[in-house]
Each structure stands twice: as C-alpha cells, then as structure tokens.
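Colleague: Protein sequences appear in the order of chains H and R.
Under the numbering used here, residues 1 to 113 are what the first sequence spells out, in order.
Under the numbering used here, residues 1001 to 1118 are what the second sequence spells out, in order.
Yeah, the Cβ is synthetic: ideal placement off N, Cα and C, and Gly gets one too.
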Amino acid sequence: KNQVEQSPQSLIILEGKNCTLQCNYTVSPFSNLRWYKQDTGRGPVSLTIMTFSENTKSNGRYTATLDADTKQSSLHITASQLSDSASYICVVRGGNQGGKLIFGQGTELSVKP
Amino acid sequence: GAVVSQHPSWVICKSGTSVKIECRSLDFQATTMFWYRQFPKQSLMLMATSNEGSKATYEQGVEKDKFLINHASLTLSTLTVTSAHPEDSSFYICSARASSLRPNEKLFFGSGTQLSVL
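(1) Starting from R:A1048 and walking both ways along the beta strand (DSSP E), at which residues does that stretch end?
(2) Anything in the stretch 25-48 of chain H with a Cβ closer than 9 angstroms to a Cβ of chain R? List those residues in chain order, please.
(3) In the DSSP assignment, find the beta strand (DSSP E) that holds H:F30 and state where it starts and stops.
(4) Counting only beta-carbon atoms, is H:Q105 nearer than 8 angstroms to chain R?
(5) Chain H beta carbons: is any one of them nearer than 8 angstroms to that of R:I1021?
(6) Taking H:E5 as part of the beta strand (DSSP E), name the residues at either end of that continuous run.
(7) Determine, using beta carbons only, whether H:I12 comes closer than 8 angstroms to chain R.
(8) Within 10 Å of its beta-carbon, does H:N55 have 16 or more other beta-carbons around it, so buried, or fewer, so exposed?
(9) Using 10 angstroms around the beta-carbon of R:A1072, count the other beta-carbons present and answer buried if the total reaches 16, otherwise exposed.
(10) With 8 angstroms set as the bound, which would you pick, yes or no: does the beta-carbon of H:K1 sit closer than that to a beta-carbon of chain C?
(11) Apart from the five residues on each side of it in sequence, which residues of its chain come closer than 6 angstroms, Cβ to Cβ, to H:S87?
(12) By the criterion of Cβ-Cβ separation under 7 angstroms, what are the contact partners of H:K57 in chain R?
(13) Would you list the one or two residues that DSSP bridges to R:Q1042?
(14) Tell me the DSSP secondary structure of H:E108 in three-state form.
(15) On the three-state DSSP scale, how would you describe H:E15?
(16) Which bits of chain R does H:K100 rub up against, with CB to CB less than 8 angstroms?
(17) Going by the DSSP bridge assignment, what does R:R1037 pair with across the sheet?
(18) Would you mind telling me which residues of chain R sit closer than 9 angstroms to H:I89, beta carbon to beta carbon, in chain order?
(19) Give the secondary structure of H:D84 by DSSP, where H, G and I count as helix, E and B as strand, and everything else as coil.
See the structure below:
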C-alpha cells in the first residue's frame, strides 16, 4: 500500500533553533516529493519539489533532502522564527499514469519565543 | 507566484441547505483542479479531480450527487455541497495545476473554506 509517514507528529522548539522533520514513504513507482507548509485554517503552500534525481533543494531557511534509495526525505529548518509555526506536510506523487498525490499526516511545529 | 482564490473562507449553514464554494485561478489557466477535505489534525483527503470541460473524477467513497463539481472554465471550479448535514462540516480546499502533462508542475492551493453545518 502506498503510504507516507511523517515524524515526529508534533515538535516544539525555541525561536532561533534548528529542527529537522522526517518523511518516509513506500510509494512506488515514484515521481516526486513535495514539502508544504500549512498555517492553521489556510491552504498549503509549496516549499520544495524534488524528483528522484535530486538529493537536496533549498528555499531560504528550508532545506529538503531526498534519498530515493531508502525512500526517505527530511526538511531542515534553520534559525527558526515564530512564523514557522505551522503544519509541515510531506506529499509524494506516484509515477503511475494519473500520478496521485499521497499526503503524509503532517508534523505540527510550534516555535516558542 | 500563481494565486488560487477560494471563496468563501468560512460558511455556516443549516442542515439540509446547499453550499457552493468557488475556486479561481487568478493568473494562470488551470486545466486541472482538485478538491480536498481536511478534518482537524488530519491530512488532506482528495475528494475529486476535475478537468476543464469534462466530468469530475471522484475518489472512492465520495458521493458525486452530494458533492457536485463544475469546472466550466479554465479559471473557475465550483464545489456544491448539496443537502448539507453536520457530518459534512469540514475544511474544504481546492488546488489548481496549470498543465496535466507536467507531473512536476507546482500545485497551488486555495486558502480553504471552513464549512460548519448546524
């Protein structure tokens, strides 16, 4: 069964600290992996999109890594800010025709002052 | 960047009434639009995929007669929740993609609609 598992479920960090969120998937065949940030009561906003040939991609203070062999991805947030408090969702697109998006449950990040 | 506008952002309605939610792509033509629902603390669940000018494709378990989707133009898709019941209360989100032929195409999400059925 195609699945996307994220860890931890929730995380509390102090402002200015770094953190890393994990995403493991079993989706096969694989097309791409996306990380989204979703503020409470809002739609998700894209942070990164990576294909199997990309190992890392950065977007400001966000750096995503992908290991297509082990089917693992991480999202590293550097020098966290209060505005980083949100749910971070890992989404994998299958490589089959029609390529559905499979959403992880998300990691709820709370950045405290 | 591309913007997807979703309206209304929240709606409260009585049980048995119908509610229409609009999703517009403001600066690009969306050949494909998706509708999701999201319960508190849970991930997005795809309800249906709509391509402009054709019938929507519904996910298993989603009632097509209850959740009417119309994608009449390249910039507008609507979701109508018919005869709404309290269990339909949820956060509904649309997303739009410019081209169905490019799997890495960015997907732009609307801001969501919180539906509360009394």
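Modeller: Reading from the atomic positions:
(1) The count along the second sequence starts at 1 and reaches residue 1048 of chain R at position 48. Run containing R:A1048: 1045-1051, per the beta strand (DSSP E) assignment.
(2) The stretch 25-48 of chain H vs chain R, Cβ under 9 angstroms: S31, N32, R34, Y36, Q38, G41, R42, G43, P44, V45, S46.
(3) Translated into positions along the first sequence, residue 30 of chain H becomes position 30. Where H:F30 is concerned, the enclosing beta strand (DSSP E) stretches over 30-38.
(4) The sequence position of residue 105 of chain H within the first sequence is 105, counting from 1. Interface with chain R (8 angstroms Cβ-Cβ cutoff): H:Q105 is included.
(5) On the second sequence, residue 1021 of chain R is found 21 positions in, with the first residue counted as 1. Chain H contact via Cβ: absent.
(6) Looking up residue 5 of chain H in the first sequence gives position 5. 4-7 is the span of the beta strand (DSSP E), which, as asked, contains H:E5.
(7) By 1-based counting over the first sequence, the position of residue 12 of chain H is 12. Closer than 8 angstroms: no.
(8) Here residue 55 of chain H corresponds to residue number 55 of the first sequence, with the count starting at 1. Exposed, since its Cβ has fewer than 16 Cβ neighbours within 10 Å.
(9) As a first step, residue 1072 of chain R must be located in the second sequence, where it is residue number 72. So R:A1072 counts as exposed.
(10) The structure shown contains no chain C; its protein chains are H and R.
(11) Residue numbering aside, residue 87 of chain H sits at position 87 when the first sequence is read from its first letter. Same-chain partners within the cutoff: Q38, G106, E108.
(12) Here residue 57 of chain H is taken as the residue at index 57 of the first sequence, counted from 1. Under the 7 angstroms cutoff, chain R gives no residues; its nearest Cβ is about 12 angstroms from H:K57.
(13) Against the second sequence, residue 1042 of chain R aligns to sequence position 42. For R:Q1042, which the question treats as bridged, DSSP gives no partner whatsoever.
(14) Mapped onto the first sequence, residue 108 of chain H falls at position 108. The three-state secondary structure of H:E108, taken from DSSP, is strand.
(15) Position 15 of the first sequence, counting from 1, holds the residue named residue 15 of chain H. Three-state result, H:E15: coil.
(16) Reading the first sequence from its first residue, position 100 is the one you call residue 100 of chain H. Result: L1046.
(17) Here residue 1037 of chain R refers to the residue found at position 37 when the second sequence is read from its first residue. Under DSSP, R:R1037 takes part in a beta bridge, and its partners are R:M1045, R:Y1092.
(18) By one-based count along the first sequence, residue 89 of chain H stands at place 89. At a beta-carbon threshold of 9 angstroms, the residues of chain R lying near H:I89 are S1043, L1044, ordered along the chain.
(19) The residue given as residue 84 of chain H occupies position 84 in the first sequence. Assigned with DSSP and collapsed to three states, H:D84 falls in helix.
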